[in-house]
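Residue numbers (the working numbering): 3 to 321.
Quick reminder that beta carbons are idealized off the backbone N, C-alpha and C, glycines included.
Worksheet for the structure shown next.
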Amino acid sequence: MMLRGESKLIAFRGNGPYCYSNTASMLLSTIGEQVSPQEMEAYTGVGLGAFWLPKEKLLFFSSISNPPDLGITRALHLLGLGFEEKMTSDPGKPPFEQLRSDLSSSAAVLGPLDMGYLTHNPLHKRMMGADHFVLAYRFEKDGVLIHDPEGFPSVLLPFRQLELAWGADSIPYHRGHYRYWTHPRRTNRPSRDELYDSTLKSFKEVYSEAESLAKKQNLTIDAKAITTLSKHVKQDKVSPAERGFMVFFSLKLGARRALDFASFFGSKNPELARMKEKQAELFGAMQTFAVQKKWTKVADSLEHLAQVETEFRDTLISN
């Protein structure tokens, strides 16, 4: 649980669905670059804004324009790191020989993967269509050794399962197939001030790009998306699947991301940090209310969250 001291944010440490940030952090550690998953998550900018899926009646507390694969690349560039990012346009044949060659001299972030095919996870059948990222580090006769940040270090992913998962056919945001990042290297070392300024600029771009995409595709995003969910839950007709998405995934992830953004802004912009701390507290409250099925209280908290999101976005853009 996060508690706020009189003048210092207490950082959260614990379990959570931070697969791409954990995996990218592991990749950088192989070359002696220590960037925590908490820092990496903020640099990706993935957790900014929100978008609503009307058919599924699900709200994602992340940017419609900046899915995790783009976020990884964004973060590595901001950190001053070079790397190789590879993918194929042909879904028919996974690049196993290319991956074998790369793993002989570097680990690799693989993703997005479909969690439903990761058979080392005893809950994999329940996770079909959920996106995931892992770190591959060695080729074996029957498959690839990976660190799976879901809680499974040094497991063997058989080639057939890797092919099915890595094709990512059921992952809506996948661009091409069999994407991976490998051979990270330091190309420049921005100062803390330079890194902060470039990341702030990147955040503004994420919001701007999401707004453009939403207009083109008639999507509901950010504060309007949050109020859409508020109106839905206020009717007290939340399905078990919708509730499960909230209580097992989106709310705790939203809280953690908000705290990591608060840490990023820190003393550089206490006002933005305060707003993100407030969002974390609202997410935490909603977690409790949603588990207890107190939907009126969830709806009220969502309305408050939408107000803070508007305030945060407007303040960020004006800086």
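*Let me know if Glu196 comes out buried or exposed under the rule of 16 or more other beta-carbons within 10 Å of its beta-carbon.*
By one-based count along the sequence shown, residue 196 stands at place 194. The residue is exposed, with fewer than 16 neighbouring Cβ atoms inside 10 Å.
*Report yes or no: do the region 114-133 and the region 164-181 share at least 3 C-beta pairs separated by less than 8 Å?*
yes
*If Ala301 sits next to Lys236, beta carbons under 8 Å apart, how far is it from one beta carbon to the other, in whole angstroms?*
Sequence index remark: in the sequence shown, residue 301 carries index 299 (1-based). Sequence index remark: in the sequence shown, residue 236 carries index 234 (1-based). Between Lys236 and Ala301 the Cβ distance is about 4 Å, and since that is below 8 Å, they are a contact.
*Indicate whether Phe291 and Leu60 have their beta-carbon atoms separated by less than 8 Å.*
Sequence index remark: in the sequence shown, residue 291 carries index 289 (1-based). Sequence index remark: in the sequence shown, residue 60 carries index 58 (1-based). No. Outside cutoff.
_First and last residue of the uninterrupted alpha helix (DSSP H) at Gly42_ = Reading the sequence shown from its first residue, position 40 is the one you call residue 42. Contrary to the premise, residue 42 reads as Met rather than Gly in this sequence. Taken as a continuous stretch (DSSP letters only), the alpha helix (DSSP H) holding Met42 covers Pro39 to Thr46.
*Name the DSSP bridge partner or partners of Pro56?*
Taking the first residue of the sequence shown as 1, we reach residue 56 at position 54. Beta-bridge pairing links Pro56 to no other residue.
_So, under 8 Å CB-CB, His134 and Cys21 are touching, yes? Tell me the CB distance rounded to an integer number of Å._
Here residue 134 corresponds to residue number 132 of the sequence shown, with the count starting at 1. Here residue 21 corresponds to residue number 19 of the sequence shown, with the count starting at 1. The Cβ separation is near 5 Å, so the contact holds.
*Mind checking whether Leu105 and Tyr139 have CB atoms under 8 Å apart?*
To locate residue 105, count along the sequence shown from 1; it is residue 103. To locate residue 139, count along the sequence shown from 1; it is residue 137. Yes, the pair counts as a contact, with Cβ atoms nearer than the cut-off.
*With a cut-off of 8 Å, do at least 3 Cβ pairs link the region 202-222 to the region 60-70?*
yes
_Whole runs of the alpha helix (DSSP H) within the region 150-213, excluding any shorter than 4 residues_ = 161-169
*Shortest alpha-carbon distance to Pro70 belongs to which of Arg276, Leu284, Gly47 and Pro56?*
Counting from 1 along the sequence shown, the entry for residue 70 is found at position 68. Out of Arg276, Leu284, Gly47 and Pro56, Gly47 has the C-alpha closest to the C-alpha of Pro70.
*Quick one: is the Cβ of Glu35 within less than 7 Å of any heavy atom of the ligand ATP?*
Inclusion of the ligand ATP in the displayed structure is not the case, the ligand content being empty and no account of it being possible.
*Is Gly18 helix, strand or coil when you go by DSSP?*
Start at 1 with the first residue of the sequence shown, and residue 18 comes out as number 16. It is coil, neither helix nor strand.
_Can you list, in chain order, the residues of its chain with a C-beta nearer than 8 Å to that of Asn123? Leave out the 5 residues immediately preceding and following it._
Against the sequence shown, residue 123 aligns to sequence position 121. Here the set comprises Met117, Met129, Asp150, Glu152 and Phe154.
_Which of helix, strand or coil DSSP assigns to Arg6_ = Along the sequence shown, read from residue 1 onward, the residue named residue 6 stands at position 4. Because the pLDDT at Arg6 is just 44, under 50, the model does not fix this residue reliably, and the point stays unresolved.
_Ignoring anything shorter than 3 residues, give me the beta strand (DSSP E) runs that lie fully in the region 51-99, in order along the chain._
53-55, 60-62 and 83-90
_Using 8 Å as the threshold, is the C-beta distance between Leu307 and Ile228 below it?_
Taking the first residue of the sequence shown as position 1, residue 307 is located at position 305. Taking the first residue of the sequence shown as position 1, residue 228 is located at position 226. A contact, by the Cβ cut-off of 8 Å.
_Considering just the uninterrupted stretch of the alpha helix (DSSP H) at Ser291, what are its terminal residues?_
Residue 291 sits at position 289 when you count from the first residue of the sequence shown. For clarity, residue 291 is Phe in the given sequence; the question names Ser instead. First-last of the alpha helix (DSSP H) with Phe291: Pro272 to Val293.
*Between Tyr175 and Lys270, is the Cβ-Cβ spacing less than 8 Å?*
One-based indexing of the sequence shown puts residue 175 at position 173. One-based indexing of the sequence shown puts residue 270 at position 268. Not closer than 8 Å, so no.
*Relative to the alpha-carbon of Arg259, which residue among Phe314, Gln294 and Ala44 has its alpha-carbon at the smallest distance?*
Working through the sequence shown from its first residue, we reach residue 259 at position 257. The shortest C-alpha separation from Arg259 is found at Ala44.
*From what residue to what residue does the beta strand (DSSP E) around His134 run?*
Mapped onto the sequence shown, residue 134 falls at position 132. Where His134 is concerned, the enclosing beta strand (DSSP E) stretches over Asp133 to Phe141.
*Kindly list the residues whose CB is nearer than 8 Å to the CB of Arg188, restricted to its own chain and excluding five residues on each side of it in sequence; keep chain order.*
Taking the sequence shown and counting its residues from 1, one reaches residue 188 at position 186. If we look at Arg188 and ignore the five residues flanking it on each side, its Cβ neighbours are Ile33, Glu35, Gly82, Leu83 and Gly84.
*Would the beta-carbon of Glu311 fall within 8 Å of that of Ala225?*
Position 309 of the sequence shown, counted from the start, is the residue given in the question as residue 311. Position 223 of the sequence shown, counted from the start, is the residue given in the question as residue 225. Yes; because the gap between Cβ atoms is below 8 Å, this pair is in contact.
*In chain order, what residues of the same chain have a beta carbon less than 7 Å from the beta carbon of Ile1, not counting five sequence neighbours either side?*
Here the chain covers residues 3 to 321 and nothing more, so residue 1 does not appear.
*Determine the direct distance from the alpha carbon of Thr25 to that of Arg17, and round the result to whole angstroms.*
Numbered from its first residue, the sequence shown carries residue 17 at position 15. Numbered from its first residue, the sequence shown carries residue 25 at position 23. Note that residue 17 is Asn in the sequence shown, not Arg. Whole-angstrom Cα-Cα distance: 14 Å.
*With 16 other Cβ atoms within 10 Å as the buried cut-off, status of Pro39*: If you number the sequence shown from 1, residue 39 lands on position 37. Pro39 comes out buried.
_Nearest candidate by alpha-carbon position, reference Gly94, set Arg162, Glu87 and Val136_ = In the sequence shown, the residue the question calls residue 94 occupies position 92. If we check each option's Cα against that of Gly94, Arg162 comes out closest.
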